[in-house]
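Novice: Below you will find the structure I want to go over with you.
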Amino acid sequence: MAGYGGSGVGSRRESRERAMSLLYEAEAKGCNPLGAVLDDLIVPPEPFVADLVAGVSDHRDEIDGLIGRFARGWTLARMPVVDRSLLRIATYELAHRSDIPVGAVISEAVELAKQFSTDDSGHFVNGVLGQIATEVRPPSVVASGGAPANVEN
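Numbering (the numbering used here), first residue to last: 12 to 164.
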């Protein structure tokens with residue numbers, strides 16, 4: 012089994028899944044900032060997991076603002092917690108981790124939404140992240156890292 016945060020696709024997916032779980036837990040516990048959930052772990056998380064959770068926590072206002080702009084008809088409070096957590100992670104990656112291709116970020120978020128959330132979550136997450144990607148990644152960056160995913164569900 013691949014370890015968290017390595018170079019393989021599976022390990023990045025596992026890391027995103029773990030980060031999603033930690034953000035879910037942080038909301039359930041009322042942790043503020045969200046990154047405080049990392050302090051309660053007996054075994055420290057892998058570096059990529061820690062980066063995702065800390066990045067979401069550190070940039071939460073910016074991330075939530077972007078999600079709020081593009082999640083038409085939805086407030087963050089109304090979204091399923093899993094969707095909100097995945098959107099926050101992916102938005103952090105799109106805005107602050109230009110080393111990760113747009114298509115990979117969106118595809119992973121959509122697949123996790125389909126696996127862990129509602130029947131409509133994959134489409135919803137794909138639509139919101141596609142718009143965010145267009146906003147935060149200039150065309151030259153998107154072209155070199157892949158166009159925003161148009162994932163079919």
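Quick reminder that beta carbons are idealized off the backbone N, C-alpha and C, glycines included.
Using C-beta distances below 8 Å, list every residue in its chain close to R24, excluding the 5 sequence neighbours before and after it, in chain order.
Specialist: By one-based count along the sequence shown, residue 24 stands at place 13. Taken in chain order, the residues that qualify are E119, E122 and L123.
Novice: Classify L52 as helix, strand or coil using the three-state DSSP reduction.
Specialist: As a working mapping, residue 52 is identified with position 41 in the sequence shown. Coil, per DSSP.
Novice: Could you pull the start and end residues of the alpha helix (DSSP H) that I143 belongs to?
Specialist: Taking the first residue of the sequence shown as 1, we reach residue 143 at position 132. Run containing I143: S132 to V147, per the alpha helix (DSSP H) assignment.
Novice: For the alpha helix (DSSP H) that contains R95, what are its first and last residues?
Specialist: If you number the sequence shown from 1, residue 95 lands on position 84. Start and end: V92 to H107.
Novice: Kindly indicate which residue of L52, V67, G79 and S109 has the alpha-carbon position closest to the one of G138.
Specialist: Indexing the sequence shown from 1 puts residue 138 at position 127. Out of L52, V67, G79 and S109, G79 has the C-alpha closest to the C-alpha of G138.
Novice: Any idea if R29 is buried or exposed, counting beta-carbon neighbours within 10 angstroms, 16 or more meaning buried?
Specialist: Start at 1 with the first residue of the sequence shown, and residue 29 comes out as number 18. Flag for R29 reads buried.
Novice: Below 7 Å CB to CB, which residues in the same chain sit around S68 once its five sequence neighbours on both sides are set aside?
Specialist: As a first step, residue 68 must be located in the sequence shown, where it is residue number 57. Taken in chain order, the residues that qualify are P44, L45 and G46.
Novice: On the CB-based measure, 16 or more other CB atoms within 10 Å of its CB, does A160 come out buried or exposed?
Specialist: Translated into the one-based positions of the sequence shown, residue 160 becomes position 149. Summary for A160: the model assigns pLDDT 44, below 50, so the residue's position carries little reliability, and this model does not support an answer.
Novice: If I follow the unbroken alpha helix (DSSP H) through P58, where does it start and stop?
Specialist: Residue mapping note: residue 58 aligns to position 47 of the sequence shown, counting from 1. Taken as a continuous stretch (DSSP letters only), the alpha helix (DSSP H) holding P58 covers P58 to D69.
Novice: With C-beta atoms as the reference, is L105 less than 8 Å away from V136?
Specialist: Position 94 of the sequence shown holds residue 105. Position 125 of the sequence shown holds residue 136. In this structure, V136 does not lie closer than 8 Å to L105 by Cβ.
Novice: When the Cα atoms are used, what is the spatial distance from E36 to V116?
Specialist: For the purposes of this step, residue 36 is taken as residue 25 along the sequence shown, with counting starting at 1. For the purposes of this step, residue 116 is taken as residue 105 along the sequence shown, with counting starting at 1. Cα-Cα distance, rounded: 22 Å.
Novice: Kindly indicate which residue of V48, E73 and D72 has the alpha-carbon position closest to the one of I61.
Specialist: As a first step, residue 61 must be located in the sequence shown, where it is residue number 50. Going by the sequence as given, residue 61 is Ala instead of Ile. If we check each option's Cα against that of A61, V48 comes out closest.
Novice: Got a sec? Which residues, its chain only, sit under 6 Å from V92 by beta carbon, not counting five neighbours each side?
Specialist: Here residue 92 is taken as the residue at index 81 of the sequence shown, counted from 1. Only Y35 and E38 meet the Cβ criterion.
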